[in-house]
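Remarks on the structure that follows.
There are 2 protein chains.
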Amino acid sequence: MKRGQANPVESLNKLGKDIVKQLDELKNPDVILPVRTLSNIYFDDKSKIIQLGDKISHRTYLNVAHTRKFMQTLLVAAECKKIIEQNVTTSIRDLYYAVKHTIPGTQENTVEEQSESDPVLEDLEAALNTLREQLHLQADRKGHVAGPIVVNDVGDDIDATRMGSSGWAIPSNVEPETVKFKSCSADYVLVIEKDAVWQRLNEDKFWRKQNCLILTSKGQPARGARRLINRLHTELKLPIYVLTDGDVWGYYIYSVIKQGSINLSFLSDRLGMPEAKFIGLTTQDVKKFGIPGNVTIKLNQGDVKRANEMLNYVWFKPKEWQQEINHMLKVGYKLELEALSAKGIKFISESYLPQKIGEKDFLP
Amino acid sequence: MKRGQANPVESLNKLGKDIVKQLDELKNPDVILPVRTLSNIYFDDKSKIIQLGDKISHRTYLNVAHTRKFMQTLLVAAECKKIIEQNVTTSIRDLYYAVKHTIPGTQENTVEEQSESDPVLEDLEAALNTLREQLHLQADRKGHVAGPIVVNDVGDDIDATRMGSSGWAIPSNVEPETVKFKSCSADYVLVIEKDAVWQRLNEDKFWRKQNCLILTSKGQPARGARRLINRLHTELKLPIYVLTDGDVWGYYIYSVIKQGSINLSFLSDRLGMPEAKFIGLTTQDVKKFGIPGNVTIKLNQGDVKRANEMLNYVWFKPKEWQQEINHMLKVGYKLELEALSAKGIKFISESYLPQKIGEKDFLP
Numbered sequence: 010m011k012r013g014q015a016n017p018v019e020s021l022n023k024l025g026k027d028i029v030k031q032l033d034e035l036k037n038p039d040v041i042l043p044v045r046t047l048s049n050i051y052f053d054d055k056s057k058i059i060q061l062g063d064k065i066s067h068r069t070y071l072n073v074a075h076t077r078k079f080m081q082t083l084l085v086a087a088e089c090k091k092i093i094e095q096n097v098t099t100s101i102r103d104l105y106y107a108v109k110h111t112i113p114g115t116q117e118n119t120v121e122e123q124s125e126s127d128p129v130l131e132d133l134e135a136a137l138n139t140l141r142e143q144l145h146l147q148a149d150r151k152g153h154v155a156g157p158i159v160v161n162d163v164g165d166d167i168d169a170t171r172m173g174s175s176g177w178a179i180p181s182n183v184e185p186e187t188v189k190f191k192s193c194s195a196d197y198v199l200v201i202e203k204d205a206v207w208q209r210l211n212e213d214k215f216w217r218k219q220n221c222l223i224l225t226s227k228g229q230p231a232r233g234a235r236r237l238i239n240r241l242h243t244e245l246k247l248p249i250y251v252l253t254d255g256d257v258w259g260y261y262i263y264s265v266i267k268q269g270s271i272n273l274s275f276l277s278d279r280l281g282m283p284e285a286k287f288i289g290l291t292t293q294d295v296k297k298f299g300i301p302g303n304v305t306i307k308l309n310q311g312d313v314k315r316a317n318e319m320l321n322y323v324w325f326k327p328k329e330w331q332q333e334i335n336h337m338l339k340v341g342y343k344l345e346l347e348a349l350s351a352k353g354i355k356f357i358s359e360s361y362l363p364q365k366i367g368e369k370d371f372l373p
Numbered sequence: 010m011k012r013g014q015a016n017p018v019e020s021l022n023k024l025g026k027d028i029v030k031q032l033d034e035l036k037n038p039d040v041i042l043p044v045r046t047l048s049n050i051y052f053d054d055k056s057k058i059i060q061l062g063d064k065i066s067h068r069t070y071l072n073v074a075h076t077r078k079f080m081q082t083l084l085v086a087a088e089c090k091k092i093i094e095q096n097v098t099t100s101i102r103d104l105y106y107a108v109k110h111t112i113p114g115t116q117e118n119t120v121e122e123q124s125e126s127d128p129v130l131e132d133l134e135a136a137l138n139t140l141r142e143q144l145h146l147q148a149d150r151k152g153h154v155a156g157p158i159v160v161n162d163v164g165d166d167i168d169a170t171r172m173g174s175s176g177w178a179i180p181s182n183v184e185p186e187t188v189k190f191k192s193c194s195a196d197y198v199l200v201i202e203k204d205a206v207w208q209r210l211n212e213d214k215f216w217r218k219q220n221c222l223i224l225t226s227k228g229q230p231a232r233g234a235r236r237l238i239n240r241l242h243t244e245l246k247l248p249i250y251v252l253t254d255g256d257v258w259g260y261y262i263y264s265v266i267k268q269g270s271i272n273l274s275f276l277s278d279r280l281g282m283p284e285a286k287f288i289g290l291t292t293q294d295v296k297k298f299g300i301p302g303n304v305t306i307k308l309n310q311g312d313v314k315r316a317n318e319m320l321n322y323v324w325f326k327p328k329e330w331q332q333e334i335n336h337m338l339k340v341g342y343k344l345e346l347e348a349l350s351a352k353g354i355k356f357i358s359e360s361y362l363p364q365k366i367g368e369k370d371f372l373p
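Those sequence lines, one after another, are chains C and X. Going by the working numbering, the first residue of the first sequence is number 10, and it counts up by one from there. Going by the working numbering, the first residue of the second sequence is number 10, and it counts up by one from there.
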């Protein structure tokens, strides 16, 4: 069964009923959870995304090492059920406060920090084959879209060609139950790491000239932005092109958009987008586009270490990536998107992007 | 003359012509700048905002301590003129890259880091009596609005009652030349520090029930959000109520919205809003609203130090603030907005806020 297709209230009910049954049978209450550490993660060659393996663990009540987490798991599950049944949405910070209380007759709190309730929630998402969004919990939101698409979000039609200088702000929950695609005539989606570059392109109405959507993730994309990118490709068949700084952080952002992340590996099929292509920047662009050397930035120790690690990641094994990362290490510099401004404010929208897209000059 | 009423191109031209005149007369070229350090800042009792005094400084070419900054000042001024004349907008990061180059025949770069070009730009804003936005430079943008207002932004009408779960994203430039108020029937503006709380209230359509605008600053407000708050009060006569965490950081956010900040003191009349009221949270709310003690957070050393500093700020001298800050120090705790969730997810929208607003239970 595909993730997210389970009915979350049914799953939560089943979790509770199983515990009650175990208690009735005088068994040690036990919750089964998938293992979410690196040992149970693999890169799936067929789907080209980071996936969760099938190792499971038991979280049992009558084990002093588990008791506290067992209690927290049931508290969070109960609170999620309450939130869904009230038909409200709330934040993971609210969830933490809602489950926090002092256990009667003791000095002990059920949870002390949000760092205790957050992983319990991720455990539940993975165990119940559901999504935080379907448990009515908001992740942080970030990102904007402009271009020829009309969406309906909780009943309101939003035309992303008529959103002024702001664009449509991507909501935290973009699941199909909430955000519906009404119409879209774009040819592709340009995903842009930096909001300032997005604003530059939006002001130039790049999306009109190129008949595309422009989407800024404002740095590492939030869940909503990743899920939206996934849906734009999967449902509307739009190619996804990703534009980041020419540095290890930018390449990492691209890899998260493409393959998913280790932390949320159980969501890669919903949040990843293995067909995405990398449009730039690359350190090889410096020569290709005659970018002046004084706007490049010398690699620091951290960059070099990270670049060497990336050479070994299976998803950076394609020869084009090996070539780019080795080139970066050889020339010893990185560069930011704004470096293109040294060639003139409109260089990015009038020369760099049209040429790259026209020639399909992408990294895989 | 009120800040921002100067024509920026005229001011930039005058700056350049004055330098040429000095050169023609074989004088040492000199730019006059207001002093922007603490020594030239004061709290103006009449306007109730932080203001820049009238001390000035000279930045001259034939002074080795000034030469580099003098050059940068003219480079940034020239680039601003170019950007305005091209009728494009760009970011301060782009500006940095645009003015960065190696001086011919030397190994020296005009600027090394953005931390060199940013203060030069602020100097120009202060010296030319203009605004970054009027120099076509974007500040970072942050924040969302929902409720009964229609704005026009660069030609597009945006109805903030029909923006789904996102709201209208506040652009970086909300100057009247760009963002026009078309209609507004709201009774007041509720400014909310935390986006998660804004999303909660938006989902409850709090703005419809209370006939208000809800605006989240997402933490310390960006320039766009501060300017919009200022315009909503000044032009539409809407009262401004501010809702933050009950901690020193929240109180500081409030003070920046109200009085302006030291760093941007030369903009207080455009970005400050001395009529703003503080709606909460306060540590005194804990007793008043029966908030359980286990969702309060113990003050740390930094909180105590900061609270004691704030007791001495002239803008926290009103007795209600002295009482609140002393109360915080006495009980030794702070609390976040999400702490209200311990009383139920809808407590904030159905009880806390309506009661506070109904009883005008504000701090000044």
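Backbone N, C-alpha and C define an ideal beta-carbon position, used for all residues, glycine too.
Bounding residues of the beta strand (DSSP E) (the contiguous stretch that carries residue i)
| i | result |
| --- | --- |
| Y105 (chain X) | Premise fails: Y105 (chain X) lies in the alpha helix (DSSP H), I101 to V108, not in any beta strand (DSSP E). |
| Q60 (chain C) | I58 to L61 |
| I167 (chain X) | D165 to D168 |
| L372 (chain X) | Premise fails: L372 (chain X) is in no beta strand (DSSP E) and is neither H nor E. |
| F53 (chain C) | Residue identity differs from the one stated: residue 53 (chain C) is Asp in this sequence, not Phe. D53 (chain C) -> beta strand (DSSP E) spans I50 to D53. |
Residue i, DSSP secondary structure in three states
| i | result |
| --- | --- |
| F287 (chain X) | strand |
| S66 (chain C) | strand |
| A234 (chain X) | helix |
| V257 (chain X) | helix |
| Y197 (chain C) | coil |
| A74 (chain X) | coil |
| P43 (chain X) | strand |
| N161 (chain X) | strand |
| H145 (chain X) | coil |
| I179 (chain X) | coil |
| D278 (chain C) | helix |
| I300 (chain X) | coil |
| V97 (chain C) | coil |
| S20 (chain X) | helix |
| L346 (chain C) | helix |
| L252 (chain X) | strand |
| I271 (chain X) | coil |
| K191 (chain C) | strand |
| M172 (chain C) | coil |
| L84 (chain C) | helix |
| I243 (chain C) | Here residue 243 (chain C) turns out to be Thr, not Ile, going by the sequence shown. Helix, per DSSP. |
| L32 (chain X) | helix |
In DSSP terms, what residue i is bridged to
| i | result |
| --- | --- |
| N118 (chain X) | X:T111 |
| T225 (chain X) | X:H153 and X:I201 |
| I306 (chain X) | X:K343 |
Distance between residue j and residue i (C-alpha atoms, nearest Å)
| i | j | result |
| --- | --- | --- |
| L349 (chain X) | F52 (chain X) | 34 Å |
| N239 (chain X) | L61 (chain X) | 18 Å |
| K326 (chain X) | P157 (chain X) | 35 Å |
| G114 (chain C) | T82 (chain C) | 21 Å |
| T69 (chain X) | E212 (chain C) | 37 Å |
| M172 (chain C) | H67 (chain X) | 44 Å |
| K151 (chain C) | L237 (chain C) | 12 Å |
| N335 (chain C) | I262 (chain C) | 19 Å |
| S226 (chain C) | Y342 (chain C) | 24 Å |
Span of the alpha helix (DSSP H), counted from its first residue to its last, around residue i
| i | result |
| --- | --- |
| P128 (chain X) | Q123 to A136 |
| I215 (chain C) | For the record, residue 215 (chain C) in the displayed sequence is Phe; it is not Ile. Looking at the DSSP string, the run of the alpha helix (DSSP H) that includes F215 (chain C) is F215 to K218. |
| G311 (chain X) | Q310 to N321 |
| G367 (chain C) | L362 to G367 |
Contact between the region 178-195 of chain C and the region 262-278 of chain C (3+ Cβ pairs under 8 Å): Touching, no.
Sufficient close CB pairs (3 or more, under 8 Å) joining the region 311-327 of chain C to the region 284-293 of chain C: Judged by Cβ distances under 8 Å, the region 311-327 of chain C makes no contact with the region 284-293 of chain C, as fewer than three pairs qualify.
Meets three-Cβ-pair contact criterion under 8 Å: the region 30-38 of chain X and the region 117-130 of chain X: By the Cβ rule, the region 30-38 of chain X does not count as touching the region 117-130 of chain X, because fewer than three pairs are nearer than 8 Å.
Validate contact between the region 200-209 of chain X and the region 106-119 of chain X using beta carbons, cut 8 Å, 3 pairs: They do not touch, by the three-pair rule.
Segment contact flag, the region 93-100 of chain C with the region 202-219 of chain X, C-beta cutoff 8 Å, min 3 pairs: By the Cβ test, the region 93-100 of chain C is in contact with the region 202-219 of chain X, since at least three Cβ pairs between them sit closer than 8 Å.
Contact the region 127-140 of chain C vs the region 37-56 of chain C: 3+ CB pairs below 8 Å: Remark: three or more beta-carbon pairs, one from each stretch, lie closer than 8 Å, so the region 127-140 of chain C and the region 37-56 of chain C are flagged as touching.
contact_flag[the region 16-29 of chain X, the region 215-230 of chain C] where n(CB pairs < 8 Å) is 3 or more: With a cut-off of 8 Å, the region 215-230 of chain C and the region 16-29 of chain X do not count as touching, because too few Cβ pairs lie within range.
Members of the region 64-94 of chain C near chain D, C-beta cut-off 8 Å: You won't find chain D in this structure, because its protein chains are C and X.
Three or more C-beta pairs below 8 Å linking the region 245-256 of chain C and the region 275-287 of chain C: Contact between the region 245-256 of chain C and the region 275-287 of chain C is present, because at least three Cβ pairs lie under 8 Å.
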